[in-house]
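Listed in order, the protein sequences are those of chains A and B. So this note's numbering is basically just the index in the first sequence, starting at one, shifted up by 36. So this note's numbering is basically just the index in the second sequence, starting at one, shifted up by 236. C-beta atoms are modelled at their ideal positions from N, C-alpha and C, and glycine is treated no differently. Bear in mind that the values here come from a model prediction, so they are computed numbers and not experimental data.
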Amino acid sequence: MLSGICALAGLLVVAVLVEIAYQVISGASLSTSRFGLGFLLDAQWQPNFGRFGATAMLYGTAVSSLVALALAAPLGVAIGLYLSLLAPRGVCAVVGPLVEMLAAIPSVILGLWGVIVLAPFLQRQEGWLHSALGFIPIFGSAQTTGLSLFTAGLILAIMVLPIVASLSRDLFLTVPRELREGAEALGATRWEVIRGVVLPTTVSGVAAASVLGLGRALGEAIAVAQVVGNLNLIHPSLFAPGATLASRIALDFQFTVSKLHTASLFYLAVVLLAINLLASLGAQAIAARFDVQRALAR
Amino acid sequence: MIGHEDGQPRDPALPDPTAPLTATGNLRRRAAVNRMVEISASGSALLAVSVLALVLYGVISRGASALSFTFLTSNPAGLAGGGIANALIGTALIVALAAVIAVPVGILCGIYLTEFAGARSRSGRALKLVLDLMQGLPTVVVGLFVFGLLVAGGKESGFAGAVALSIVMLPLIARSSQEVLALVPGTLREAADALGVDRWRGVVGVVLPTALGGIATGAILAIARAAGETAPLLFVDGIYNANTTELNLFGHGVPNIPVLILTTSDLAIPQGFARAWGAAFVLLALIMIANIGARLILARSRRVRMTR
Chain A
37 MLSGICALAG
47 LLVVAVLVEI
57 AYQVISGASL
67 STSRFGLGFL
77 LDAQWQPNFG
87 RFGATAMLYG
97 TAVSSLVALA
107 LAAPLGVAIG
117 LYLSLLAPRG
127 VCAVVGPLVE
137 MLAAIPSVIL
147 GLWGVIVLAP
157 FLQRQEGWLH
167 SALGFIPIFG
177 SAQTTGLSLF
187 TAGLILAIMV
197 LPIVASLSRD
207 LFLTVPRELR
217 EGAEALGATR
227 WEVIRGVVLP
237 TTVSGVAAAS
247 VLGLGRALGE
257 AIAVAQVVGN
267 LNLIHPSLFA
277 PGATLASRIA
287 LDFQFTVSKL
297 HTASLFYLAV
307 VLLAINLLAS
317 LGAQAIAARF
327 DVQRALAR
Chain B
237 MIGHEDGQPR
247 DPALPDPTAP
257 LTATGNLRRR
267 AAVNRMVEIS
277 ASGSALLAVS
287 VLALVLYGVI
297 SRGASALSFT
307 FLTSNPAGLA
317 GGGIANALIG
327 TALIVALAAV
337 IAVPVGILCG
347 IYLTEFAGAR
357 SRSGRALKLV
367 LDLMQGLPTV
377 VVGLFVFGLL
387 VAGGKESGFA
397 GAVALSIVML
407 PLIARSSQEV
417 LALVPGTLRE
427 AADALGVDRW
437 RGVVGVVLPT
447 ALGGIATGAI
457 LAIARAAGET
467 APLLFVDGIY
477 NANTTELNLF
487 GHGVPNIPVL
497 ILTTSDLAIP
507 QGFARAWGAA
517 FVLLALIMIA
527 NIGARLILAR
537 SRRVRMTR
């Protein structure tokens with residue numbers, strides 16, 4: 037009896053996921069039939085003229101997520117190493133929960149902090165960064181308000197960091213003690229134990245954790261919408277404002293000017309969903325290959 | 237192998253057994269590299285903690301001044317004045333309804349995965365995959381889904397918001413209760429089986445009570461997570477009647493804290509920011525309390541299990 041109810045609950049979950057995909061795809065039908073795959077290659081987004089294309093948003097999503105991952109992945113792995121292997125037990129018991137607290141901050145509050153505290157701070161710093169490194173395009177000129185893809189990337193990094201940190205800590209704890217002690221007995225320093233034993237046995241899990249973090253960054257809407265500047269722009273500088281798939285949906289949806297506009301936002305959601313499912317499945321595949329699923333499930 | 241005994245040159249990769257046992261420059265270099273790694277790892281942890289401190293300081297320093305008894309008990313007035321009472325009530329109602337939907341389904345999924353689907357069964361693996369995909373779903377897509385399902389045509393409601401939040405909660409609750417249930421020793425299940433009771437009675441009477449603390453922790457964390465979500469609520473429970481208390485979850489949009497923070501901070505007028513920071517402070521305080529409470533429950537249930 038109970039097994040039947042439980043199986044029913046499971047079926048319900050599967051049905052909901054299928055229904056989500058169906059609703060989003062059917063909501064986009066007007067736009068998909070009109071633009072087809074050319075939607076992905078059109079950089080224009082002009083609702084009032086009925087022109088819609090996703091390229092600038094794809095660019096913004098890629099740049100902000102990659103900035104986030106480039107910052108959060110190494111930091112997260114370092115924190116994971118610190119918490120699992122290096123820190124004294126007492127420090128762990130304090131720092132571990134604090135890092136996880138970072139994940140509990142609602143995105144709208146992080147976004148508010150980003151707009152009011154972080155963006156003005158970055159705006160003050162960008163002057164010297166531009167004058168010192170302006171010859172490199174990614175630091176190049178862009179009239180800035182502090183709202184940019186880079187600011188979005190920083191906020192996303194704060195969101196991704198605790199995910200990567202706690203996943204990689206759990207992973208490093210699964211490395212058998214004997215392996216570490218064996219290396220230590222050979223005279224290896226702690227770093228050599230990490231480089232020679234811990235990282236090689238967990239590298240696939242670390243990769244999977246990073247991809248999961250990337251998935252989180254790709255899909256975040258509200259905080260990014262608050263700090264990204266919301267311009268449909270492809271500019272080589274990181275400090276230019278832009279838009280991401282998710283931020284565009286969050287900002288435009290209540291103010292659509294036509295049915296085609298709404299359908300195009302659903303189309304963006306289809307694209308986002310596809311990228312996101314690929315990232316999730318990719319992380320699953322990497323993790324499953326090396327059977328580190330238990331640690332990742334946490 | 238040992239080259240110099242038969243007159244061949246020694247393999248340079250092997251250590252020279254006749255060398256004195258004092259530190260060479262190489263060892264000092266290795267120690268220095270090690271030190272550097274340790275320092276940068278602790279520095280990273282320190283950086284994460286200071287980011288948390290910076291955000292908390294930002295919210296507390298700006299939010300605490302907006303906070304007062306009337307701020308919590310009066311409805312918003314005008315564009316950006318007044319308090320947040322109606323949004324607090326709205327968030328409580330929506331989150332409670334979402335929990336009523338998601339907690340039972342989530343726990344049942346967890347029970348199915350650990351008790352009824354075998355570890356290698358196809359159905360169990362499929363459900364796990366679906367839960368993982370659901371957990372990774374962008375919340376803005378969840379919002380669009382519920383919009384298409386329940387709201388399209390101007391039927392915004394607190395109920396639609398609760399459905400959206402329950403989709404955010406569900407995979408978190410399912411995975412955490414599955415993990416906690418998997419930690420219940422198999423000997424307990426076998427003892428129940430040996431008494432001749434049905435499988436479901438063994439689950440309800442023995443396995444679930446043992447794991448209750450952990451399941452509660454997971455559920456509270458999931459509820460706290462959902463309480464702060466804005467994107468799923470934005471399209472399905474937007475605020476048009478932002479200044480009145482709305483107790484009917486099936487009529488109009490219900491004012492709630494996250495959307496209030498977003499809309500009042502978008503106004504870009506000073507009073508709006510003050511109200512947004514005040515609301516952010518209240519929301520963050522509630523979420524932090526829930527998080528700490530959940531951890532305490534977990535610690536306590538672990539201690540009880542150990543002393544048994």
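Could you work out which residues of chain A lie near D368 of chain B, taking near to mean beta carbons separated by less than 7 Å? S316, Q320
Measuring straight from C-alpha to C-alpha, what distance separates R536 of chain B and A526 of chain B? 15 Å
Which whole-angstrom value is the C-beta distance of V60 of chain A and A305 of chain A, which I expect to be below 8 Å? 5 Å
Close-in-space but distant-in-sequence residues of the same chain around M237 of chain B (CB under 6 Å, 5 per side omitted): For M237 of chain B, the pLDDT reaches just 44, beneath the cut-off of 50, and the residue's location in the model is therefore unreliable, although a value from the coordinates is still provided. So the list is empty, once near-sequence residues are dropped.
With a threshold of 6 Å on Cβ separation, who are the neighbours of R544 of chain B within its own chain once the five nearest residues in sequence on each side are excluded? The predicted position of R544 of chain B is uncertain, since its pLDDT is 47 and thus under 50; a value taken from the coordinates is nonetheless stated next. Contacts found: none.
Please confirm whether N266 of chain A and Q80 of chain A have their CB atoms less than 9 Å apart. no
If you draw a straight line from the alpha carbon of L154 of chain A to that of A396 of chain B, how long is it in whole angstroms? 34 Å
Which term fits K364 of chain B, buried or exposed, when burial requires 16 or more other beta carbons within 10 angstroms of its beta carbon? buried
Looking only at C-alpha atoms, which of B:L369, B:I325, B:T254 sits nearest to L519 of chain B? B:I325
With which residues is R87 of chain A paired in a DSSP beta bridge? A:Q82
DSSP state of P312 of chain B mapped onto helix, strand, coil: strand
Please list the segments of the alpha helix (DSSP H) lying wholly inside the region 265 to 319 of chain B, counting only runs of 4 or more residues, in order along the chain. 305 to 309
What is the residue span of the alpha helix (DSSP H) that M391 of chain A lies within? Not covered by the structure: residue 391 of chain A. The range shown for chain A is 37 to 334.
What residues of chain A sit near G294 of chain B, judged by a beta carbon separation below 8 Å? W149, I152, V153
Consult DSSP for G390 of chain B and reduce its assignment to one of helix, strand or coil. coil
Given that M524 of chain B touches chain A, what residues does it touch there, using C-beta distances under 8 Å? M137, A140
Considering only DSSP beta bridges, list what G449 of chain B is partnered with. Answer by DSSP bridge pairing: none, since G449 of chain B is not bridged.
Would DSSP call G182 of chain A helix, strand or coil? coil
What does the Cβ neighbour count give for G384 of chain B, buried or exposed, with the cut at 16 atoms within 10 Å? buried
Can you give me the C-alpha to C-alpha distance between I497 of chain B and F307 of chain B, rounded to a whole angstrom? 14 Å
What is the DSSP secondary structure of G150 of chain A, reduced to helix, strand or coil? helix
Within 9 Å, strictly: CB atoms of M93 of chain A and R284 of chain A: yes
Span separating the alpha-carbon of V481 of chain B from that of I330 of chain B: This sequence places Thr at residue 481 of chain B; Val is not what is there. Going by the C-alpha atoms only, they are around 13 Å apart.
Is A321 of chain B a contact residue of the ligand FMN, with contact defined as CB to any heavy atom under 8 Å? Absence of the ligand FMN is noted for the structure shown, with no ligands found whatsoever.
Looking only at C-alpha atoms, which of B:A462, B:V399, B:L448, B:T499 sits nearest to F486 of chain B? B:V399
Going by DSSP, what residue range makes up the alpha helix (DSSP H) through Y118 of chain A? That residue, Y118 of chain A, is in no alpha helix (DSSP H); it is neither H nor E in DSSP.
Contact set for G261 of chain B: own chain, Cβ-Cβ below 6 Å, skip 5 residues either direction: none
Start-to-end residues for the alpha helix (DSSP H) that takes in V443 of chain B: No alpha helix (DSSP H) holds V443 of chain B; DSSP gives it neither H nor E.
F517 of chain B versus B:I493, B:T499, B:L534, residue with shortest Cα-Cα distance: B:I493
G464 of chain B by DSSP, collapsed to three states: which one? coil
Buried or exposed for F352 of chain B, going by 16 or more other Cβ atoms inside 10 Å? buried
Any C-beta of chain B within less than 7 Å: which residues of the region 214 to 227 of chain A qualify? T225, R226, W227
Please say whether L301 of chain A and A261 of chain A have beta carbons closer to each other than 9 Å? no
Less than 9 Å between the beta carbons of L197 of chain A and G241 of chain A, yes or no? no
Could you pull the start and end residues of the alpha helix (DSSP H) that L373 of chain B belongs to? First-last for L373 of chain B: undefined, no H or E at that position.
Determine the chain B residues that contact P272 of chain A at a beta-carbon separation under 8 Å, and present them in chain order. The premise fails here: P272 of chain A is roughly 27 Å from chain B at the closest Cβ pair, so nothing lies under 8 Å.
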